[in-house]
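S.K.: Adding 45 to a residue's 1-based position in the sequence shown gives its number in this note's numbering.
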Amino acid sequence: MKKHWIKISIVLLSVSGALLLATQFWAEHSVASFLERKLPKHIYLAYSDISVNLFSGSITLSDVDCRIKNRENDITYAKIGMPSLQLKQLSYPSFFYRNAIRLEKLHFNEPQISYNPYAKTTRNKEKSPAIVQLRKTIDIDQIVVHRATFTMLQENGDSLLMHSKGIDFSITGVRTGPKQIRNPLPVVFHSYEMAAESLFLRLNKTENLTLGRMEIKNRTLRIDTLRLNTKYSKKALSKLLTQERDHIGLNINKLTVSAIDFGFVRNDFYLHTGDVELTAPHLYLYRDKKVADNNRIKKMYSALIDDVPIIFRCGAVRWKQGYVQYEEQLPGKKAPGRLFFNAIEGGITGLNNNTVPTDSIVLTTKGALMGSAPTTFSTTFYKNDDKGTFKAKGSIVSLAAARIDLFLRPNLNAKASGSIQNMYFTFGGDRYVSRGTMKMKYTDFKFALLRENGREVNKVLTSLLSIFIDKESKGDGEGYRYGTISAERDATKSFFNYVWNSIKSGILSVLTGNGKKEK
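Shown next, in the form of structure tokens:
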């Protein structure tokens, strides 16, 4: 009797094992068949092996090679290759018999992604179909991308437009379906996190953007280093240009953006953020005036934000430990004139394009002119004014005139001595003219015009000029002289050129006018 039961047990185990192996084989064959039958013709998928575990509900594809082609032709515009792709806790009943796909985790291991947008063609952009057509709803608890590399190619297909490596990405609560996949945002999700070692982006023909280590966690973006640089030397850029363009060097040690939110309102993409913080932003600008002027009409800053092609709202933007340097090379001069500010801190509020009605954009900043003179500047742009109305005010304290020789000698062929103890200005304007007032206290201020060699003083012109300039500010009881600000805007120049011309008119009025305060 005992032997009989042993034989039965052996038979049952053998049958069970055979059934299990058959079921395993059937499952692997069914999954492979499903992938082959259900994938669209323009998506090619190959793999070296498929492994299905019925007990854990996992499916693993090894050595995956996926290519996406145009529907209209056989040209590949996207490639994805990876050592393994794993699906965990797949619900087989839902997968094979119901109108749903349900799994716990989808894991992409070290995918290498290449995308060429210029190879992609679309017959009708307004009615272009989704990449895939879904008949089932898809619910995934978590999608994980581990150590990905992403490359986007330029139009010629042999150089980089964008490259990022070491990408880790996780998104939870993912759901999509036949209707959702056709929406501008093809999936809905609960939360996401992302990190990457670096990112390179070609912004245009002359500038590149490079980011260091970055991460998004709890809706906050942190970037360790940001560099936006002209890829050519100053001389090489000037040879390439037909119209003047600044040579740029922007370096930011750390950038933080909080409370990131994005999505679509109908078909319009929106991006909302909380506060933005920039640590140690250093900006270097160089302009070669030997290159022909760019006479394109420039918009006022209050109008520029309305040109942002998305619905945009940002909290306060703040910066600290900043530095700004401007150099201008004039024809016939050996060296460029230079102005710089250091120890800069400040902020800007009201950045949005009418997603939340605000009356103004306010910029406030302070620093040290030429590394020594405490300087403040603030301006308010009134957004809902068709004339581009703005107001500005600022101050400069304890500026030794010799400190600005780096700018005066090459750019104005002049030199100055003495000191400006205090200078305060307030003016307002629009896209046409500015008007305002200035008061200044200075001592032993002398202004000398130089000869063409930039070294010897032109005594005749300097003597004529000295007739109109009072070297001591013997003005009111506190020693201030007053002047008026009046400038016309050149719409082909930048807003800061407009500001400089306004301030310059005030300085000339103080130095050459009667110095009295207007009543």
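The beta-carbon is built from N, C-alpha and C at its ideal position, and this holds for glycine as well.
#1: Can you check DSSP and say which residues form a bridge with His208?
#2: So what does Pro326 bridge to, in DSSP terms?
#3: Output the boundary residues of the beta strand (DSSP E) element that contains Ile548.
#4: Can you give me the Cβ contacts of Asn559 inside the same chain, cut-off strictly under 7 Å, excluding the 5 residues immediately before and after it?
#5: Using the DSSP secondary-structure output, state which residues sit across from Lys133 in a beta bridge.
#6: Who does His292 pair with in a DSSP beta bridge?
#7: Taking contact to mean 3 or more Cβ pairs, one atom from each stretch, closer than 8 Å, check whether the stretch 113-129 and the stretch 149-160 are in contact.
#8: Could you tell me the boundaries of the beta strand (DSSP E) in which Lys279 lies?
#9: Taking 8 Å as the threshold, find out whether the stretch 255-275 comes into contact with the stretch 223-231 through three or more Cβ pairs.
#10: In chain order, what residues of the same chain have a beta carbon less than 6 Å from the beta carbon of Arg267, not counting five sequence neighbours either side?
#11: How many angstroms separate the CA atom of Leu246 from the CA atom of Thr255?
#12: Below 8 Å on the Cβ atoms is my guess for Gly412 versus Met483; work out the distance and round it to an integer in Å.
#13: Does DSSP put Pro85 in a helix, in a strand, or in coil?
#14: Check the DSSP bridge columns for Arg220 and list the partner residues they point to.
#15: Are the Cβ atoms of Glu390 and Lys334 separated by less than 8 Å?
#16: Do Ile406 and Phe472 have their C-beta atoms closer together than 8 Å?
#17: Taking the C-alpha atoms as reference points, what is the distance between Trp71 and Pro354?
#18: For Leu132 and Leu151, I'd like the C-alpha separation in whole angstroms.
#19: In whole angstroms, what is the alpha-carbon distance linking Val544 and Thr421?
#20: Count the other C-beta atoms from every protein chain shown that fall within 10 angstroms of the C-beta of Arg311, then say buried if there are 16 or more, exposed otherwise.
#21: If I'm right that Gly382 touches Phe452 with Cβ under 8 Å, what's the distance once you round it to whole angstroms?
#22: According to DSSP, is Ser417 part of a helix, a strand, or is it coil?
#23: Let me know the secondary structure DSSP gives Leu179 once reduced to three states.
#24: Since Asp475 and Gly439 are thought to touch, with beta carbons under 8 Å apart, how far apart are those beta carbons, to the nearest angstrom?
#25: If we count the other Cβ atoms within 10 Å of its Cβ and call it buried at 16 or more, is Arg526 buried or exposed?
#26: Give every residue of the same chain whose Cβ lies closer than 6 Å to the Cβ of Gly416, excluding the five residues on either side of it in the sequence, and list them in chain order.
#27: Indicate the three-state DSSP secondary structure (helix, strand or coil) for Ser139 in the structure shown.
#28: Starting from Ser443, trace the beta strand (DSSP E) in both directions and tell me its first and last residue.
#29: Let me check one thing: in DSSP terms, what residues is Phe422 bridge-paired to?
#30: With distances taken from CA atoms, which of Ser93, Leu273 and Val478 is nearest Val109?
#31: Anyone know if the C-beta pair for Ser347 and Phe435 falls short of 8 Å?
#32: Could you check which residue in Val442, Ser462 and Ala437 has the C-alpha nearest to that of Ala449?
#33: Considering Cα atoms alone, identify which of Gln370, Asn398 and Gly395 is closest to Phe385.
#34: Tell me the residue span of the alpha helix (DSSP H) that contains Tyr527.
#35: Quick check on the DSSP output: the beta strand (DSSP E) that includes Ala388 runs from which residue to which?
#36: Less than 8 Å between the CB atoms is what I'm expecting for Asp184 and Ala145, so what's the real figure, rounded?
M.R.: Put simply:
#1: Thr196 and Phe245
#2: Ile297
#3: First-last for Ile548: Phe540 to Thr557, but that is the alpha helix (DSSP H), not the beta strand (DSSP E).
#4: none
#5: Beta-bridge partners assigned by DSSP to Lys133: Lys150.
#6: BP columns for His292 point to Tyr331.
#7: yes
#8: Unbroken run through Lys279 is the alpha helix (DSSP H), Lys279 to Leu285; no beta strand (DSSP E).
#9: no
#10: Excluding sequence positions up to five before and after Arg267, its CB lies within less than 6 Å of the CB of Glu260 and Thr301, all in the same chain and listed in chain order.
#11: About 6 Å.
#12: The beta-carbon separation of Gly412 and Met483, rounded to 20 Å, does not stay under the 8 Å limit for a contact.
#13: DSSP places Pro85 in coil when its eight states are reduced to three.
#14: Asp184 and Val233
#15: no
#16: The Cβ atoms of Ile406 and Phe472 lie no closer than 8 Å to each other.
#17: Its pLDDT being 48, under 50, Trp71 is placed unreliably in this model, and the coordinates cannot settle the point.
#18: 5 Å
#19: 13 Å
#20: exposed
#21: About 4 Å separates the beta carbons of Gly382 and Phe452, which is inside the 8 Å limit, making them a contact pair.
#22: coil
#23: coil
#24: In fact, because the Cβ distance is near 19 Å, the residues do not count as touching under 8 Å.
#25: Buried: at least 16 other Cβ atoms inside 10 Å.
#26: Here the set comprises Asn387.
#27: helix
#28: Phe435 to Ala445
#29: For Phe422, DSSP records a beta bridge to Thr410 and Gly439.
#30: If we check each option's Cα against that of Val109, Ser93 comes out closest.
#31: yes
#32: Residue identity check: residue 449 is Ile in the sequence provided, not Ala. When only C-alpha atoms are compared, the closest one is Ser462.
#33: Gln370
#34: Run containing Tyr527: none in the alpha helix (DSSP H); it sits in the beta strand (DSSP E), Arg526 to Glu533.
#35: Gly382 to Thr394
#36: Their Cβ separation, rounded to whole angstroms, is 7 Å, which keeps Asp184 and Ala145 in contact under 8 Å.
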